[in-house]
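Take a look at the structure below.
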Amino acid sequence: MIKDNYSEINARILEAAKRAGREEGSVKLIAVSKTKPLSDIYEAAEAGAMDFGENYVQELSAKLDEAGDKYRFHMIGHLQTNKVKYIVGRVCLIHSVDSLKLAMAIDKEASKRNVIQDILIEINIADENSKTGIDSSEAVSLIKAASELEHIRILGLMCMPPATDDPETSRPYFKKAREIMLEAKEYVKDKPAFCELSMGMTGDFEVAIEEGATLVRVGTAIFGKRDYHI
Ligand SMILES: *Cc1c(COP(=O)(O)O)cnc(C)c1O
């Protein structure tokens, strides 16, 4: 089942990319496996999944211990500065950097470990009070400042529009993220590397692809509903 779901989502991604006139392979699927057991990860891997998204440091850390040498793990959830030590140098990409303080903590840990940690800047794209992410008006200045840090590399932006049943509602937010990306590009040190837009989930990934997403984070449509009572 998980295998079939993964293949079906991948096929829909290819279709959406084609419709949008984008190159095959320009969009990567990240299977969001938070709250799901390793056995589910192994099943998705049978269908070709290599990239997995996780939200909780403790759970992510345990999965890295077990399977971190086989797969690429992405930190997509809110990250506290005192927890960076558990994941820096072990995850391929941290999607959720939303303050200079957090960027500096990651940089410091990466320096200690003698690695360069790839990150994305998370934008609170609808400027919701309840959401994590840097305010969209402050995003460019955060990118400018974080670009000075030597042990992180900023690959792009991440955003999560307000929850909705209608994917079209997300479209203007995806457009806005792309505009911020273009505006910020002139301030980053490694311009060619600054090309990733992490946006689109189960409900809206096809619209996100039409608006330029390069990384889509899909959980429910692959692994089924999540049970948070774990
Ligand atoms: C849980 C989560 C997802 C996956 O959401 P689905 O709707 O289950 O596809 C994607 N991105 C983030 C940041 C998440 O927390």
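Counted from 1, the sequence shown has number 143 at position 36 by the working numbering; the numbering is strictly sequential. Ideal Cβ placement from N, Cα and C applies to all residues, glycine included.
query, result
"Run of the beta strand (DSSP E) containing Ser203, from where it starts to where it stops", "200-204"
"Distance, His181 Cα to Gly263 Cα", "14 Å"
"Heavy atom of ligand 1 within 6 Å of Thr142 beta-carbon", "no"
"Reduced DSSP secondary structure (H/G/I, E/B, other) of Asn236", "coil"
"Distance cut-off 6 Å: Asn112 Cβ against heavy atoms of ligand 1", "no"
"Proximity winner among Asp176, Lys190, Ala123, Glu173, relative to Asn162 (alpha-carbon distances)", "Lys190"
"Proximity below 7 Å, CB of Ile213 to CB of Ala246", "no"
"DSSP-derived helix/strand/coil call for Lys332", "coil"
"Alpha helix (DSSP H) segment containing Val314, residue limits", "312-317"
"Gly307 beta carbon less than 7 Å from that of Val323", "yes"
"For Arg278, the nearest candidate out of Ser206, Ser146, Glu318 (CA to CA)", "Glu318"
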